[in-house]
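Chains as they are written, first to last, in my numbering: chain A, 151 to 596; chain B, 21 to 346. Structure first, commentary second.
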Amino acid sequence: MSPSPSSLSRRTLLAATGAVGAAALAACSDLTPGASSAEKSSSGPVSTAVPADEKITLVVADADDTTMTPGLIAAFRAKHPNITVKRQYTGWDDYLKSINTTMSADSAPDIAQFTSGMQNLVPGRLLLKVGEYGKAYGWAEKFPGLDQITLTPDGKTVGTGDLYGVGAGLSFEGVYYNKAKARKLGLTVPPATLEDLEALFAKAKAAGETALVAGNLDGGLNHPFNVLLSAYLTPKDREAWAFGHTSATIVLPEAEKAAETLQRWVDKGYVTPKVNGVSDNDATAAFAKGEGVFRISGNWAAAAVAKGLGEGAGYFNMPPVTAGGKVRTTGAGVYYCVSGKSKNAAAAAAFLDFAAGAKAAAITAKAGFMAPDAGAMPSQSGLLGDVQKGWQTVVKDAGLQPFIQNASSPTMGDTLTTQLQLLAGGKVTPEKFLAGLQTDFENYHK
Amino acid sequence: MTTADRLTEPAPAPRTARSAKRGAGPAVHRRPRTVRSGRRRRRAVALLYLLPALLPYTLFAVLPLLHTAYLSLFDWDGVTLPSFVGVDNYRRIGTDPQLRAAAWHAGALILFFSVLPICVGLVSAAIVSRRAGRRGTALVRTVLFLPQVIPLVAVGILWRWVYGEDGTLNQALRAVGLGGLTDAWLGSFTWALPAVGLIGTWVVSGLCMVLFLSGTQRIDQEIYEAARMDGAGPVREFTAITVPLLRPELAIALSITVIAALSSFDLIYITTGGGPGNSTVVPGILIYRLAFGGGAVGVASALAIVLTVVISLAVLVINRLSREAP
C-alpha cells in the first residue's frame with residue numbers, strides 16, 4: 151500500500167482500511183462457520199487395540215467437580231504410559247454455555263463430558279459415532295443407561311439412533327435426612343408412600359423445623375420436582391418428554407399433581423423459607439451443618455452431607471405413590487463423548503472403555519457416583535453405604551429416569567428455573583407452570 | 021472469551037463517536053491555506069497516525085459488529101449450517117413478552133445506575149470539594165471510589181452475601197429491631213430488581229463523584245466568592261453554580277451510566293441470573309441465554325443489534341441535549 155503521498159487522500163485510506171477489513175472478514179473461514187464438514191464416524195475398521203509405541207495426547211473437557219474424572223485420567227495414564235491425558239475443567243454453568251463453541255473449534259478436546267444442549271453437535275457432526283467401538287468393546291453389556299446418549303441424526307430425539315458415548319459414573323436422586331432430628335421428633339423412616347413423606351414434613355414443621363431444605367435461587371427446586379414427576383408420571387410419558395419425542399407433552403394430570411404437590415410444600419411452609427433467595431449449594435451446606443430435617447438431592451451431595459453430619463446422616467429412596475410400588479427416581483450420569491475432530495479416536499475409545507472396568511469402579515464409587523460395574527464397587531459403610539443400597543433398589547426396579555431439563559430442549563434448564571421460581575413464589579398456577587415448560591418444548595420441537 | 025466479545029460489543033459504539041471526533045481533530049484543523057496538495061498531504065499523514073488505532077478498532081469492534089448484524093439475519097444454532105430468515109428475528113424480538121419485560125427492567129435500571137449515582141455523586145463531590153484539604157476528606161474520597169476498582173463479578177458475589185437470608189443487611193435489620201422487615205432480597209419478586217439496582221448505584225456513585233470533583237476544580241473560585249458576597253449559602257452555591265457549571269461532566273456521567281444500565285449483564289448474572297421468575301431479566305442476560313444456552317444465535321444477534329442501536333440513540337440524545345447553551 152504505497153501510492154505517492156500526494157494521491158493518498160483520506161478517502162483512499164479509509165477505503166483501503168475497509169478493504170483490508172472486508173478481506174479479513176471474508177478470510178475468517180466463513181461468516182457463519184456452521185459445520186459443513188464431512189461425516190465422521192467410526193464406520194471404518196475399528197479395533198480395540200491402542201497403539202502402544204507412539205506418543206498420544208488426549209484432551210478431556212469436563213465439568214465434573216468430583217474426584218471421578220481426574221481419578222480416571224490418572225489411572226488410565228498409569229495403564230497407558232504412552233498416552234498423555236490433559237484435563238480441561240470448567241465449572242458446570244460455564245461448561246453448559248461454552249461447550250458447543252469449544253467443540254466447534256479446530257482445537258476441540260478429544261473427549262468431552264456430554265451435557266444437555268450438546269444435541270446440536272450431532273447434526274453438526276462434531277461428535278463421533280462410537281457405535282462400532284461399542285460393538286467391538288461390548289459396551290451394551292458393560293454400561294447401563296446408554297439410551298441417554300443415543301441420538302437421532304437431527305439430535306432432537308434421545309433413545310433412538312446412533313450411540314455417541316458412555317455413562318461412566320451414574321447419579322440419582324433421593325432423600326437425605328438428619329437422623330438425630332428424626333429420632334427426636336419421632337419420625338418413622340423410610341416412609342412407605344409420598345403421602346407418608348408429606349406427613350413427616352408436616353410433623354417436622356409442627357415441631358418448628360424446616361422440613362425440606364431447598365434452595366431455588368438457581369433453580370434447585372428442580373430436584374424435588376424431578377423426583378415428584380418420577381413418582382407420578384408414567385415412565386413412558388416421562389421419557390417421551392425428557393427425550394424430546396415429537397408431539398410429547400407435559401401438560402398431563404399426573405404432572406400437574408407433581409407441580410401441585412411441590413407448590414403445596416412451599417405454601418405450607420415445609421420448604422426452606424424464602425426459597426427463591428437461597429442457592430442450591432447453600433442449601434446443601436446448611437443441611438450438612440444441621441439445619442432442617444430432610445433434603446432431596448442427588449448422590450453427588452452424599453460426600454458433603456456425610457462430612458457435615460457424620461453418623462447422623464441418613465438416606466432413603468424417594469417413596470412411590472402407592473405402598474409397595476416400584477421405586478422411580480431421577481438421575482443422569484457423567485457421560486463421555488468423543489469429538490468428531492479427534493485424531494486419536496482409538497485411544498479416546500479406550501478411555502471410554504476403561505471407565506467400565508473394575509479399577510474405574512473403585513474410583514467412581516469413591517467419588518460418590520454409581521459405577522457401571524455395580525458388582526465391582528467396594529462396599530461402603532455409613533451414608534455412602536445407604537446411598538449404594540438405594541442405588542441397588544433403583545437398578546432392580548429399573549427406576550432411573552432422565553432429568554426433564556437435560557434432554558427435552560437446550561433452553562429447558564433456564565426455563566425450568568424461571569418457572570420453578572414463579573411456582574414457588576405463587577406467581578403461577580401449576581397449570582400455567584406446565585404450560586410454560588411445554589411452550590419451550592414446542593419452540594424447539596416444532 | 022467469546023462471551024465477553026459479544027457482550028461488550030454494544031458498548032464500544034458510543035466510544036466510536038467520541039474517539040473519532042477526537043481523532044479527527046488534527047485532520048480538520050484550520051490552517052492558513054498554502055498549496056492545496058500540502059494540505060492534502062498533511063491530512064494523509066494524520067490519517068496514517070490514526071491507522072494503528074483504526075486498524076485494531078476496525079478488526080475487533082467494527083467488523084464483529086457488522087458480523088453480528090449479518091448473523092442476525094439467520095436462523096443459526098451456532099453449530100450446524102445457518103438458514104437465511106431475513107428480518108424474522110427482529111420481528112420475533114418485537115413480539116416476545118419476555119423481551120418487553122427485559123426492556124422495562126433496563127429502563128428501571130437507569131434510575132439506579134444513572135439518576136441515583138449522579139445525585140449521590142453531585143452531593144458528595146460538593147461536600148468533598150468544600151472540605152478539601154481537611155482531615156478525612158481523602159479517606160472519604162477513596163472509600164467512595166473503591167467500588168469502582170473491584171471487578172463486577174466480585175462485587176456481585178459480595179452483595180449476594182449482603183443480601184442473603186443471613187446476610188449483613190438482614191443482620192443489621194435484626195440488630196436494630198426491624199427483624200420483621202428481613203427478606204431474601206434477591207429471591208423476592210418485589211425487591212430483587214431494586215436490590216440489584218442499588219448494587220449498581222453503589223458501584224457507579226464513586227465514579228460520578230470523581231468526575232464531578234475534577235469538574236469543580238475547573239470552576240473559578242471567584243464565582244463562589246462573588247456568590248458568597250451576595251449572601252449565598254452552601255445549598256444555593258450548589259444549585260446556582262456547581263450544578264450548572266458541571267454540565268459537561270454531567271453529560272459524560274449520564275452517557276457512561278446509561279450505557280452501563282442498558283448493557284448491564286455481569287452484576288445480574290452473578291446475583292440473580294435474571295430471577296426470580298423473570299423479574300430481573302435484562303437484554304444482556306437474554307442475549308447470553310439465547311446465544312450460548314439456547315442455540316439461537318440469530319435472535320441473540322438481532323437483540324444485540326437492537327440494544328446497540330438503542331444505546332447509541334440514547335447517548336446521541338444525551339450529547340445533543342448537553343450541547344445546548346445553558
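Glycine residues also receive a C-beta, built at the ideal position from the N, C-alpha and C atoms. All figures in this text were calculated on a predicted structure; none of them were measured in a lab.
Among all the DSSP beta bridges, which residues are the ones paired with residue i?
i: residue 215 of chain A; result: Paired residues: none, contrary to the question.
i: residue 362 of chain A; result: A:421, A:444
i: residue 551 of chain A; result: A:480
i: residue 328 of chain A; result: A:463
i: residue 312 of chain A; result: A:301
i: residue 238 of chain A; result: A:211
Return the CA-CA distance between residue i and residue j, expressed in angstroms with no decimal places.
i: residue 310 of chain A; j: residue 93 of chain B; result: 33 Å
i: residue 286 of chain B; j: residue 231 of chain A; result: 43 Å
i: residue 233 of chain A; j: residue 172 of chain B; result: 41 Å
i: residue 226 of chain A; j: residue 248 of chain A; result: 26 Å
i: residue 585 of chain A; j: residue 568 of chain A; result: 13 Å
i: residue 530 of chain A; j: residue 508 of chain A; result: 16 Å
i: residue 140 of chain B; j: residue 498 of chain A; result: 59 Å
i: residue 129 of chain B; j: residue 282 of chain B; result: 7 Å
i: residue 387 of chain A; j: residue 406 of chain A; result: 13 Å
i: residue 157 of chain B; j: residue 273 of chain B; result: 22 Å
i: residue 222 of chain A; j: residue 526 of chain A; result: 15 Å
i: residue 317 of chain B; j: residue 328 of chain B; result: 16 Å
i: residue 103 of chain B; j: residue 349 of chain A; result: 55 Å
i: residue 168 of chain B; j: residue 137 of chain B; result: 12 Å
i: residue 219 of chain B; j: residue 133 of chain B; result: 9 Å
i: residue 237 of chain A; j: residue 262 of chain A; result: 10 Å
i: residue 231 of chain B; j: residue 426 of chain A; result: 38 Å
i: residue 250 of chain B; j: residue 233 of chain B; result: 24 Å
i: residue 441 of chain A; j: residue 150 of chain B; result: 52 Å
i: residue 383 of chain A; j: residue 489 of chain A; result: 35 Å
i: residue 547 of chain A; j: residue 476 of chain A; result: 6 Å
i: residue 179 of chain A; j: residue 321 of chain B; result: Only weak support is given to the placement of residue 179 of chain A: the predicted model assigns it a pLDDT of 46, under 50, and the value that follows is read from those uncertain coordinates. Near 19 Å, if we compare the C-alpha coordinates of residue 321 of chain B and residue 179 of chain A.
i: residue 164 of chain B; j: residue 333 of chain B; result: 30 Å
i: residue 409 of chain A; j: residue 117 of chain B; result: 24 Å
i: residue 394 of chain A; j: residue 298 of chain A; result: 11 Å
i: residue 353 of chain A; j: residue 466 of chain A; result: 18 Å
i: residue 64 of chain B; j: residue 337 of chain B; result: 32 Å
i: residue 590 of chain A; j: residue 462 of chain A; result: 42 Å
i: residue 512 of chain A; j: residue 550 of chain A; result: 21 Å
i: residue 537 of chain A; j: residue 400 of chain A; result: 30 Å
Please tell me whether residue i and residue j are closer than 8 Å, where the distance is taken between their beta carbons.
i: residue 560 of chain A; j: residue 594 of chain A; result: yes
i: residue 260 of chain A; j: residue 239 of chain A; result: no
i: residue 88 of chain B; j: residue 270 of chain A; result: no
i: residue 447 of chain A; j: residue 367 of chain A; result: no
i: residue 317 of chain A; j: residue 288 of chain A; result: no
i: residue 357 of chain A; j: residue 335 of chain A; result: yes
i: residue 577 of chain A; j: residue 464 of chain A; result: no
i: residue 320 of chain A; j: residue 481 of chain A; result: yes
i: residue 210 of chain A; j: residue 216 of chain A; result: no
Can you tell me whether residue i is buried or exposed, with buried defined as 16 or more other CB within 10 angstroms of its CB?
i: residue 562 of chain A; result: buried
i: residue 487 of chain A; result: buried
i: residue 341 of chain B; result: exposed
i: residue 187 of chain A; result: A caution first: residue 187 of chain A carries a pLDDT of 47, below 50, which makes its placement in the model too unreliable to give a value.
i: residue 315 of chain A; result: buried
i: residue 261 of chain B; result: buried
i: residue 198 of chain B; result: exposed
i: residue 305 of chain B; result: buried
i: residue 322 of chain A; result: buried
i: residue 264 of chain B; result: exposed
i: residue 397 of chain A; result: exposed
Give me the subset of the stretch 550-567 of chain A whose CB atoms are less than 8 Å from a CB atom of chain B, sorted by chain position. 560, 561, 563, 564, 567
Where the stretch 79-110 of chain B meets chain A: residues whose CB sits under 8 Å from a CB there: 79, 82, 83, 86, 87, 90, 91, 94, 96, 97, 98, 99, 100, 101, 102
Can you pull out the residues from the stretch 296-325 of chain B whose beta carbon lies closer than 7 Å to at least one beta carbon of chain A? 296, 297, 298, 309, 312, 313, 314, 315
Of all the residues that make up the stretch 189-211 of chain B, which are near chain A by a beta-carbon distance shorter than 8 Å? 203, 204, 205, 206, 207, 208, 209
Which residues, taken in chain order from the stretch 167-179 of chain B, show a beta carbon closer than 8 Å to some beta carbon of chain A? none
Please identify, using Cβ separations under 8 Å, the residues of the stretch 279-295 of chain B that lie next to chain A, in order along the chain. 292, 293, 294, 295
Residues in the stretch 258-274 of chain A with C-beta within 7 Å of chain B's C-beta atoms, listed in sequence order? 267, 270, 271, 273, 274
Between the stretch 415-429 of chain A and chain B, which residues of the former have CB atoms less than 9 Å from a CB of the latter, in chain order? 422, 423, 424, 425, 426, 427, 428, 429
Anything in the stretch 274-301 of chain A with a Cβ closer than 7 Å to a Cβ of chain B? List those residues in chain order, please. 274, 276
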